[in-house]
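Trainee: Quick one: structure below, then a few questions.
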Amino acid sequence: MKRIGILTAGGDTPTMNATVYGAVVRANQLKVEIFGLIKGFNCLFNPRVPHVHLNPLYQEIPELDPTKGGTLIGASRDYVDPEKKAELDLVASRLKGLGIEGLICVGGDGTLNGLQPLAERLPTVLAPKTIDNDLGLNYSSEPDEWVRIKDSDARSGFRYEHRSSQAVFDLEYVVNYVTPGYATAVFVSAGGVERIRTTAESHRRIAIIEVMGRHSGYLALGSAYGRPDIILVPEHPLDLERLVERVKHLYDLQKNVVIVCGEGIVDEQGRELGAETKTTDPAGNVALSGAAEALRHKFIQMIGDRYFQLYRRGNSAREAVFTRKVGHTQRGGRPILFDRFYAAQLGAKAVELLLEGQNNAVAILQHNSSRGFHVEGYDANRFRDRWGYIHARRMHPLLYDPKLMKPSRAGVDYLLPIFTDAIGEDDMEHIRRTLFAQGNLAQPYHSINTDINKRIRYLAEEEAAI
Ligand code: F6P
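Using numbering that gives the first Met the number 0, the first residue of the sequence shown is number 0, and each one after it goes up by one.
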């Protein structure tokens, strides 16, 4: 294999450049050319296939910086539809036209779902990334536990349900222990929780902080490092009565409460809170308000104003209970040491998998007590259920203690190897040197897109006519 393509797909993470960098460095050593395909799968649907040669003369281009967040080749949520065979054939012939003999997709579970039809046309492998940490398996037989049920309301006509498991959960056997992007997202959200605390303390308020993660509670779990009083995860339906009781107990004791909730938390009936409460803006338009805001409304109803007025702690529940979303700051910015180191290793492993002749494979990050963290290759089909679908990994329920509403002992054991030395000295030094640099006030932001645009090349016009 002399030339491979690489693309970054789905929502970005701070580690995408690090993965591309790792792939390019390994390709340099193996004397393989790498073309970066612009804007994820979107590039493949464009007959001109915009791309950048990332290692002319087997040297990485200077714009490729593993410490920079985002992705220099752009990302999109476009995906490959396995039913569109003619379009897939076109994609394959365009890549052939570019002389690309193998493809690396940097992505999450959605990207992995789209891998198979591509892998039927050219060798394709995945290097994982997602702040949600939901690409992986709690144990290798997990895909077999899904059942498919006919559902006329679902877009595909089916919905999937995970049946309770007989498998023993053991951290030593988790498949793809952690995904690049997760550690940095936790770094940001835990820091946010810490900062909210002192303001909640000063004003005797109850803070509800919403973190991302979709239906998976890993991000909420990791935010335990910011020492919230209560963590709520989507994998454990809310028991509102108990929650309110706990909030009042804590408030009576310390006069402030900090709660972290995952954006996908559900009520006792399994309904997502974030999709439930509707508010209207001043113009009367209905807006979906999110999980934290929905929870706040429940607290306002259930705790009531009198509780706060009684001890002169505030005028109303509305004033005392406030919400904040950590939002996209979790996805942006410089990756911390742990993330960029292993993201680069996974990029390098993806190149090796292609050169070993593997196809439809995933570079995974494993952890066990004897070897610590290490990268391996894994057959992508082993992530699929019997209908061929790859499900996002949910946090194993045993990682959370529903009574304490905090990580369980197993949850703590899960987090420790990732975070104990996750921050490099240079990460802090970088902030010290750059945040208040004088130049920030005088110079406009220089976007990497401006530089990379100058390097973009297109498939020759005659080939583009395919
Ligand atoms: O999958 C990553 C993620 O950040 C989720 O945690 C979040 O729900 C979603 O993407 C947000 O997507 P968007 O940036 O498209 O709003």
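Glycine included, each C-beta is placed from N, C-alpha and C at the ideal position.
(1) From this set, 421, 411, 379, which residue's C-alpha is nearest residue 358's C-alpha?
(2) Going by DSSP in three states, residue 154 sits in which element: helix, strand or coil?
(3) Please determine, among 311, 145, 216, 212, the residue with the shortest C-alpha to C-alpha distance to residue 485.
(4) Exposed or buried, residue 403, counting other C-beta atoms within 10 Å across all chains shown (16 or more means buried)?
(5) Going by the C-beta, is residue 130 closer than 8 Å to any heavy atom of the ligand F6P?
(6) On a CA-only basis, which of 210, 209, 370, 38 is nearest residue 76? Give me that one, please.
(7) Which word fits residue 365, buried or exposed, when buried means at least 16 other C-beta atoms lie within 10 angstroms of its C-beta?
(8) How many Å lie between residue 413 and residue 51 at the Cα?
(9) Which residues bound the beta strand (DSSP E) around residue 138?
(10) Could you spell out the range, first to last residue, of the beta strand (DSSP E) harbouring residue 410?
(11) On a CA-only basis, which of 184, 320, 374 is nearest residue 68? Give me that one, please.
(12) So which of 442, 195, 189 has the shortest CA-CA distance to residue 323?
(13) Residue 37 lies in the alpha helix (DSSP H); which residues open and close that run?
(14) Taking the alpha helix (DSSP H) that residue 198 falls in, what are its first and last residues?
(15) Which one of 410, 62, 192 has the shortest CA to CA distance from residue 452?
(16) How many Å lie between residue 335 and residue 186 at the Cα?
(17) In this structure, does DSSP put residue 108 in helix, strand or coil?
(18) Rounding to the nearest angstrom, what Cα-Cα distance links residue 446 and residue 454 in this structure?
(19) Quick check: is any heavy atom of the ligand F6P less than 8 Å from the C-beta of residue 393?
(20) Once you ignore the five residues that flank residue 172 on each side, which residues in its own chain have a CB closer than 6 Å to its CB?
(21) Which same chain residues end up closer than 8 Å to residue 372 when comparing Cβ atoms and leaving out the 5 residues on each side of it in sequence?
(22) Kindly list the residues whose CB is nearer than 6 Å to the CB of residue 87, restricted to its own chain and excluding five residues on each side of it in sequence; keep chain order.
(23) At a threshold of 8 Å, does residue 234 count as lining the ligand F6P (C-beta to nearest heavy atom)?
(24) Which residue marks the beginning of the beta strand (DSSP E) containing residue 365, and which one marks its end?
(25) Any contact between the stretch 239-247 and the stretch 209-219? By contact I mean 3 or more CB pairs, one from each, below 8 Å.
(26) Does DSSP put residue 469 in a helix, in a strand, or in coil?
(27) Below 8 Å, is the gap between the Cβ of residue 9 and the nearest heavy atom of the ligand F6P?
(28) Suppose contacts are defined by Cβ-Cβ distances below 9 Å. Is residue 108 in contact with residue 390 by that definition?
(29) Could you give the C-beta distance for residue 218 and residue 131, rounded to a whole number, given that I count them as a contact under 8 Å?
(30) What residue from 257, 425, 233 has the CA that sits closest to residue 487's CA?
(31) Which first and last residues belong to the beta strand (DSSP E) in which residue 378 is found?
(32) Helix, strand or coil: how does DSSP classify residue 338 here?
(33) Going by alpha carbons, who is nearest to residue 354 out of 24, 419, 122?
(34) Measure the CB-CB distance between residue 293 and residue 258 and report whether it falls below 9 Å.
(35) By DSSP, does residue 287 sit in helix, in strand, or in coil?
(36) Relative to the C-alpha of residue 163, which residue among 396, 125, 429 is closest?
Mentor: Concretely, from the data shown:
(1) Working through the sequence shown from its first residue, we reach residue 358 at position 359. Comparing Cα positions, the closest option is 379.
(2) If you number the sequence shown from 1, residue 154 lands on position 155. In this structure, residue 154 counts as coil in the three-state DSSP scheme.
(3) Because the chain spans 0 through 465 in this model, residue 485 falls outside it and cannot be assessed.
(4) Translated into the one-based positions of the sequence shown, residue 403 becomes position 404. Burial call: exposed.
(5) Position 131 of the sequence shown, counting from 1, holds the residue named residue 130. Yes - the ligand F6P has a heavy atom lying nearer than 8 Å to the Cβ of residue 130.
(6) Here residue 76 corresponds to residue number 77 of the sequence shown, with the count starting at 1. Measuring from the Cα of residue 76, the nearest candidate turns out to be 38.
(7) Counting from 1 along the sequence shown, the entry for residue 365 is found at position 366. Label assigned to residue 365: buried.
(8) On the sequence shown, residue 413 is found 414 positions in, with the first residue counted as 1. On the sequence shown, residue 51 is found 52 positions in, with the first residue counted as 1. If I take the Cα positions, the gap works out to 39 Å.
(9) Working through the sequence shown from its first residue, we reach residue 138 at position 139. Per DSSP, residue 138 belongs to no beta strand (DSSP E) and is neither H nor E.
(10) Taking the sequence shown and counting its residues from 1, one reaches residue 410 at position 411. Careful: residue 410 lies outside any beta strand (DSSP E), inside the alpha helix (DSSP H) at 408-418.
(11) Here residue 68 is taken as the residue at index 69 of the sequence shown, counted from 1. Of 184, 320, 374, the residue nearest in Cα terms is 184.
(12) Stepping through the sequence shown from its first residue, residue 323 is reached at position 324. Per the Cα distances, 195.
(13) In the sequence shown, counting from the first residue as 1, residue 37 sits at position 38. It is not in any alpha helix (DSSP H) - residue 37 carries neither H nor E in the DSSP assignment.
(14) Position 199 of the sequence shown holds residue 198. Segment 181-202, the alpha helix (DSSP H) holding residue 198.
(15) Sequence index remark: in the sequence shown, residue 452 carries index 453 (1-based). Checking every option, the nearest Cα to that of residue 452 belongs to 62.
(16) Within the sequence shown, the letter at position 336 stands for residue 335. Within the sequence shown, the letter at position 187 stands for residue 186. Answer to the nearest angstrom: the Cα atoms are 8 Å apart.
(17) Here residue 108 refers to the residue found at position 109 when the sequence shown is read from its first residue. Of the three classes helix, strand and coil, the one that applies to residue 108 here is helix, per DSSP.
(18) To locate residue 446, count along the sequence shown from 1; it is residue 447. To locate residue 454, count along the sequence shown from 1; it is residue 455. Taking the straight line from one Cα to the other gives about 14 Å.
(19) Within the sequence shown, the letter at position 394 stands for residue 393. The answer is no for residue 393.
(20) On the sequence shown, position 173 is the one that residue 172 refers to. Excluding positions up to five away in sequence, the list reads 138.
(21) The residue labelled residue 372 in the question sits at position 373 within the sequence shown. Result list for residue 372: 176, 341, 364, 365, 366, 416, in chain order.
(22) The count along the sequence shown starts at 1 and reaches residue 87 at position 88. So the list reads 116, once near-sequence residues are dropped.
(23) Residue 234 sits at position 235 when you count from the first residue of the sequence shown. False, no ligand heavy atom lies under 8 Å from that Cβ.
(24) As a first step, residue 365 is located in the sequence shown; it is residue number 366 there, counting from the start. Note, residue 365: beta strand (DSSP E), 360-367.
(25) no
(26) Because the chain spans 0 through 465 in this model, residue 469 falls outside it and cannot be assessed.
(27) Locating residue 9 in the sequence shown gives position 10, counting from the first residue. For the ligand F6P, at least one heavy atom lies less than 8 Å from the Cβ of residue 9.
(28) Looking up residue 108 in the sequence shown gives position 109. Looking up residue 390 in the sequence shown gives position 391. Yes, the Cβ-Cβ distance between residue 108 and residue 390 is below 9 Å.
(29) Residue 218 sits at position 219 when you count from the first residue of the sequence shown. Residue 131 sits at position 132 when you count from the first residue of the sequence shown. Rounded, the Cβ-Cβ distance is 7 Å, consistent with contact.
(30) Since the displayed the chain opens at 0 and closes at 465, residue 487 lies outside it and no answer follows.
(31) For the purposes of this step, residue 378 is taken as residue 379 along the sequence shown, with counting starting at 1. That run of the beta strand (DSSP E) goes 371-378.
(32) Numbered from its first residue, the sequence shown carries residue 338 at position 339. Of the three classes helix, strand and coil, the one that applies to residue 338 here is helix, per DSSP.
(33) Here residue 354 refers to the residue found at position 355 of the sequence shown. Selected option, being the one with the closest Cα: 122.
(34) By 1-based counting over the sequence shown, the position of residue 293 is 294. By 1-based counting over the sequence shown, the position of residue 258 is 259. No, the pair does not count as a contact, with Cβ atoms beyond the cut-off.
(35) One-based indexing of the sequence shown puts residue 287 at position 288. Per-residue confidence for residue 287 stands at a pLDDT of 48, beneath the threshold of 50, marking its modelled position as unreliable; the derived number appears in the next sentence. In this structure, residue 287 counts as strand in the three-state DSSP scheme.
(36) Residue mapping note: residue 163 aligns to position 164 of the sequence shown, counting from 1. Closest by alpha carbon: 396.
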